[in-house]
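Peer 1: Here the sequence shown is numbered in our numbering, starting from -19 and rising by one per residue.
Okay, here's the structure, questions in a sec.
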Amino acid sequence: MASSCAWIEHASTSASLTFRKPFIPSAKQLAIVDLCRTQNVVVSARPGAGKTATAEAIAAANPSQLIVTVTFSKSLQVDTGRRLDQYPGLVHAFTFHGLAREIFGPIVRNDFDLRDLRRMNEVPAWTGKPYAIVILDEFQDCTDDLFWLVCGESPRLVVLGDEQQAIYGFRGADSRYLSHSSSILSGLSPHPWKHLTLSKSFRLSHEIAGFINEGYLKGENYIVGSHVGRKPLLLHGNVFNAKTIARNLLPLIEQYGPERTAILASSVRHNKPLQLLANHLSAEHRIPIAVLQGKLCVSTIHQFKGRESDLIIFQGRDLPDNTCPNGVFVALTRARKHLVMVHPEENHVMPFVNITKLRKRVEIVALDGFHGKKLKSKSPGREIKVGLHLPKKVVEDVCKRYLLVKKVSLPLPDAERIDPPTIVGVKSRKYYEAVSDLNGTSVMAAFEYSRMGTLITLGNPKKEVPFEIEAQAAYFCRTACTYESKISGWRPRKIQMKGHKFDWLGPYLEAAMMRLNAQFSDSTKLNFEVGWLDKDFTVFDPFEEESRTVAVEGRADIVALGQATFKEGPADRAPWEGESIWEIKFVAKLELKHVIQACIYGYLWCKTHNSTKPPRIVLFNVQDGEKWEIVPRDGVSSLKGVLETILVAKYSTKTTLTTEEFLQKCAKTKEEVWKDKEITVR
């Protein structure tokens, strides 16, 4: 195990240098500082209430004590570390996974690695000189595995967070780690507990705070603004008319700047109104759009969590909830200066919204003559949770139950990794574009062309492929950019990369093709981009006690017929005869979610071919050469079980643990750690 944490994790940032005013803590922040000298403190901190500033105040008031602040996001850890770097050697800043790496070493990369350590009965012993104060930030996002990690230390605790900002339930997070922290952490620290609230937001104006409190939180004075600002703006009408919406937004985007503007929605990729708006802003008005430096950001709410911007444009929702969903609350509280909501004319306002008070707090603009007076609410009652991500534990449990994942080839050493740039500069490096997806598509296209002379991967473009490898790389990247724009409907990247040389992949393409080609014998017949569809897949939901019929569709990268894994591997390994499904990745590391994806393809293959024997299923990562072979434990029935279990977990309305069950789970986790540390549970 590693010795005591002894430094702040540093990371580069693209933000420009700014000069901060001298830090002056508020009265409530000073109260927290004073209390944490002798007590544990739980702080319910509203968005923009100065949690990082509170950590800085604690550090300033305890200059001779060893303090650590632990956060959930890398960006927050970097910001916290930057503010605390004036206290070198004594104040440390880590993400939770960064802290785990300090305890267990570099083997910890994610929650799955933590869970593996728990299975091996490892103990999260914080060795070395003990911390006097541990600050746990955003604790509403805590999971059982991270709670296990925290149970290894016994200092004074400052627990920060906001239950209203708990939006990572799909990852196994539970806001009750915050709301019940004094109970579940009792015994971990011998000091008494005190609860405080930081309700004043230094981010939000009085107008935005009042709008949220009265319109969305049923009049509760939950959050307090700190300065005078503009009334929020509600655009109500036809959201598919991008030209009209842009006409209302352009003056605001120009006023605040694209780089200080963000458009937020619950989903982005398949959001047609958002696609139309982004394409129009990019094509007609040359507004740079992306999620990187110097551009107008288009993002999901979850991706934008922890960030803020001068101008926030939020695509309104019509969920049938009778209380404000946390995701909506997070979106509304990101704006430093101005908040704009875009609400579809055909959608009702969410049931909990007080329309009468909302009208007083917002400026309503009717689009295309549509009248804002038609705003009306709908009855509450949600039927099905569609489009949710799966908790990591669900994915892990499904794989363990139904599959045997054989790691045929381990990752190659770092020196042998194929790591082309994932972000490239355009327009004299004024802007940057993310291109990791283009890298993967281009490598697959190049491999297909070298083996078959076809380009199904890129939609069969008609333009002739160059002969030289460097020119080929540019051709494939450029064509992949165009093809991705076509199939996704999102045009900004294609527009913004016009004139780019697309030359970043050239030095890496040949090595990537050689690594991929080594997986197949010359006689193996390869079919690329093979798709299947099961229109009537029936799954029984045991929680709802009813059956549902859904359509399941998938498209595998390669279906190989003949001998595969012939040029490499153990000498006593017999080559596979018959069809095999290959899912090719070009990523930092393989994950279990890739296993689920490949197994769905395997099931669809069996369904299409009416086969009782599953094909060979292989995951291969070109970047590091790692290869997994996936064997269903009980043949086709296991593949079907994977799909059924995933669908039930994804769409079921099963409730979470009761509070009593939650507290029992926390007690069991504490006992797991303390028993191995020979600590008596108090």
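Where is the CB? At the ideal position from N, CA and C, for every residue including glycine.
Keep in mind the model is a prediction, meaning the values are calculated, not measured.
Measuring straight from C-alpha to C-alpha, what distance separates E187 and G205?
Peer 2: Position 207 of the sequence shown, counted from the start, is the residue given in the question as residue 187. Position 225 of the sequence shown, counted from the start, is the residue given in the question as residue 205. Looking at the two C-alpha atoms, the distance is approximately 7 Å.
Peer 1: Note down, in chain order, each residue of its chain lying with its Cβ closer than 8 Å to the Cβ of K664, except the 5 sequence neighbours on either side.
Peer 2: In the structure as shown, the chain starts at -19 and stops at 662, and residue 664 therefore has no counterpart that could be examined.
Peer 1: Considering only C-alpha positions, which residue in the set S389, E490, V602 is nearest to D537?
Peer 2: For the purposes of this step, residue 537 is identified with residue 557 of the sequence shown, where counting begins at 1. The option with the nearest alpha carbon to D537 is V602.
Peer 1: On a CA-only basis, which of N497, I626, K31, E239 is nearest V139? Give me that one, please.
Peer 2: Against the sequence shown, residue 139 aligns to sequence position 159. Checking every option, the nearest Cα to that of V139 belongs to K31.
Peer 1: Buried or exposed for P400, please, with buried defined as at least 16 other CB atoms from any protein chain shown within 10 angstroms of its CB.
Peer 2: The residue you call residue 400 lines up with position 420 of the sequence shown. In summary, P400 is buried, with 16 or more beta-carbon neighbours lying within 10 Å of its beta-carbon over all protein chains present.
Peer 1: Can you tell me the Cα-Cα spacing of E641 and L276, whole angstroms?
Peer 2: Taking the sequence shown and counting its residues from 1, the one referred to as residue 641 is at position 661. Taking the sequence shown and counting its residues from 1, the one referred to as residue 276 is at position 296. Rounded to whole angstroms, E641 to L276 spans 44 Å at the Cα level.
Peer 1: DSSP three-state call for V114: helix, strand or coil?
Peer 2: The residue labelled residue 114 in the question sits at position 134 within the sequence shown. In the structure shown, V114 sits in a strand (DSSP, three-state: E or B).
Peer 1: From the DSSP output, which residues share a beta bridge with P324?
Peer 2: In the sequence shown, residue 324 corresponds to position 344, counting from 1. P324 pairs with G217.
Peer 1: Can you check whether the CB of T459 is closer than 8 Å to the CB of P441?
Peer 2: Position 461 of the sequence shown, counting from 1, holds the residue named residue 441. Position 479 of the sequence shown, counting from 1, holds the residue named residue 459. Cβ atoms of P441 and T459: closer than 8 Å.
Peer 1: Measuring CB to CB, does Y196 end up less than 8 Å from L312?
Peer 2: Stepping through the sequence shown from its first residue, residue 196 is reached at position 216. Stepping through the sequence shown from its first residue, residue 312 is reached at position 332. In contact: Y196 and L312 (Cβ atoms closer than 8 Å).
Peer 1: In chain order, what residues of the same chain lie with their CB nearer than 7 Å to the CB of S246, ignoring the 5 residues before and after it?
Peer 2: Residue numbering aside, residue 246 sits at position 266 when the sequence shown is read from its first letter. Counting only Cβ-Cβ distances below 7 Å, and skipping sequence neighbours, we find T280, I281, R297, G307.
Peer 1: Tell me whether the stretch 162 to 181 and the stretch 282 to 292 touch, counting them as touching only if at least three CB pairs, one residue from each stretch, are closer than 8 Å.
Peer 2: no
Peer 1: For the candidate residues L137, P27, V103, V611, whose alpha-carbon lies nearest to that of L46?
Peer 2: What you label residue 46 is simply residue 66 of the sequence shown in a count that begins at 1. For the residues L137, P27, V103, V611, the minimum Cα distance to L46 belongs to L137.
Peer 1: In the DSSP assignment, find the unbroken alpha helix (DSSP H) run with A451 in it and report its ends.
Peer 2: Taking the sequence shown and counting its residues from 1, one reaches residue 451 at position 471. 449 to 468 is the extent of the alpha helix (DSSP H) around A451.
Peer 1: What first and last residue would you give for the beta strand (DSSP E) that runs through E82?
Peer 2: As a working note, residue 82 is residue 102 in the sequence shown. Looking at the DSSP string, E82 is not in any beta strand (DSSP E); the run it does join, the alpha helix (DSSP H), is 76 to 84.
Peer 1: Please classify F332 as buried or exposed, where buried requires at least 16 other C-beta atoms within 10 Å of its C-beta.
Peer 2: Mapped onto the sequence shown, residue 332 falls at position 352. With 16 or more Cβ atoms within 10 Å of its Cβ, F332 is classed as buried.
Peer 1: Between D207 and the rest of its own chain, which residues show a CB-CB distance below 6 Å, the 5 nearest in sequence each way excluded?
Peer 2: Counted from its first residue, the sequence shown places residue 207 at position 227. Per the sequence shown, the amino acid found at residue 207 is His instead of Asp. Around H207: S185.
Peer 1: Let me know the secondary structure DSSP gives G149 once reduced to three states.
Peer 2: Here residue 149 is taken as the residue at index 169 of the sequence shown, counted from 1. Helix, per DSSP.
Peer 1: Suppose you measure from the CA of W556 to the CA of R596; what does that come to, to the nearest Å?
Peer 2: Locating residue 556 in the sequence shown gives position 576, where the first residue counts as 1. Locating residue 596 in the sequence shown gives position 616, where the first residue counts as 1. In this predicted model, W556 has a pLDDT of only 48, less than 50, meaning its place in the structure is not dependable; the value taken from the coordinates is given anyway. If you draw a straight line from the Cα of W556 to the Cα of R596, it comes to about 8 Å.
Peer 1: Might you give, ordered along the chain, the residues of its own chain that have their beta carbon closer than 8 Å to the beta carbon of G132, omitting 5 neighbours on each side?
Peer 2: Walking along the sequence shown from the start, residue 132 turns up at place 152. Hits under 8 Å: I83, V103, P104, A105, W106, V653, K657.
Peer 1: Measuring straight from C-alpha to C-alpha, what distance separates K169 and D14?
Peer 2: Position 189 of the sequence shown holds residue 169. Position 34 of the sequence shown holds residue 14. A small correction: the amino acid at residue 169 is Ser; Lys does not occupy that position in the sequence shown. As the crow flies, the alpha-carbon of S169 is around 17 Å from that of D14.
Peer 1: Helix, strand or coil for A544? Go by DSSP, reduced to three states.
Peer 2: What you label residue 544 is simply residue 564 of the sequence shown in a count that begins at 1. In this predicted model, A544 has a pLDDT of only 49, less than 50, meaning its place in the structure is not dependable; the value taken from the coordinates is given anyway. A544 falls in the strand class under three-state DSSP.
Peer 1: Tell me the rounded alpha-carbon separation between T518 and V530.
Peer 2: Position 538 of the sequence shown, counted from the start, is the residue given in the question as residue 518. Position 550 of the sequence shown, counted from the start, is the residue given in the question as residue 530. If I take the Cα positions, the gap works out to 6 Å.
Peer 1: Does the stretch 445 to 459 come into contact with the stretch 234 to 246, if we say contact requires no fewer than three beta-carbon pairs (one atom in each stretch) closer than 8 Å?
Peer 2: no
Peer 1: With a Cβ-Cβ cutoff of 8 Å, do A492 and I398 count as a contact?
Peer 2: Position 512 of the sequence shown holds residue 492. Position 418 of the sequence shown holds residue 398. Going by C-beta atoms, A492 is nearer than 8 Å to I398.
Peer 1: On the DSSP letters alone, give me the boundaries of the beta strand (DSSP E) that N440 sits inside.
Peer 2: On the sequence shown, residue 440 is found 460 positions in, with the first residue counted as 1. That residue, N440, is in no beta strand (DSSP E); it is neither H nor E in DSSP.
Peer 1: How close, in whole Å, do the beta carbons of K593 and G615 come, if the pair is a contact with beta carbons under 8 Å?
Peer 2: Working through the sequence shown from its first residue, we reach residue 593 at position 613. Working through the sequence shown from its first residue, we reach residue 615 at position 635. The Cβ separation is near 7 Å, so the contact holds.
Peer 1: Might you give, ordered along the chain, the residues of its own chain that have their beta carbon closer than 6 Å to the beta carbon of G486, omitting 5 neighbours on each side?
Peer 2: Walking along the sequence shown from the start, residue 486 turns up at place 506. So the list reads E450, A453, once near-sequence residues are dropped.
Peer 1: Decide if the stretch 425 to 436 is in contact with the stretch 388 to 396; the criterion is three or more beta carbon pairs, one per stretch, under 8 Å apart.
Peer 2: no
Peer 1: Can the beta-carbon of M321 be found less than 8 Å from the beta-carbon of L254?
Peer 2: Residue mapping note: residue 321 aligns to position 341 of the sequence shown, counting from 1. Residue mapping note: residue 254 aligns to position 274 of the sequence shown, counting from 1. In this structure, L254 does not lie closer than 8 Å to M321 by Cβ.
Peer 1: Tell me the rounded alpha-carbon separation between T638 and I225.
Peer 2: To locate residue 638, count along the sequence shown from 1; it is residue 658. To locate residue 225, count along the sequence shown from 1; it is residue 245. Near 44 Å, if we compare the C-alpha coordinates of I225 and T638.
Peer 1: Which whole-angstrom value is the C-beta distance of L129 and F74, which I expect to be below 8 Å?
Peer 2: On the sequence shown, residue 129 is found 149 positions in, with the first residue counted as 1. On the sequence shown, residue 74 is found 94 positions in, with the first residue counted as 1. 11 Å between Cβ atoms; not a contact.
Peer 1: Sorted by chain position, which residues of the same chain lie with C-beta nearer than 6 Å to T177's C-beta, five sequence neighbours on each side aside?
Peer 2: Start at 1 with the first residue of the sequence shown, and residue 177 comes out as number 197. Closer than 6 Å at the Cβ level, and outside the excluded window around T177, lie S24.
Peer 1: Helix, strand or coil for K515 per DSSP?
Peer 2: Start at 1 with the first residue of the sequence shown, and residue 515 comes out as number 535. Strand at K515.
Peer 1: Would you check if the distance between the CB atom of D142 and the CB atom of P27 is smaller than 8 Å?
Peer 2: Taking the sequence shown and counting its residues from 1, the one referred to as residue 142 is at position 162. Taking the sequence shown and counting its residues from 1, the one referred to as residue 27 is at position 47. Remark: C-beta atoms of D142 and P27 approach each other more closely than 8 Å.
Peer 1: Quick check for students: name the residue ranges of the alpha helix (DSSP H) that lie wholly in the stretch 152 to 208, counting only runs of 4 or more.
Peer 2: 156 to 159, 161 to 164, 186 to 191
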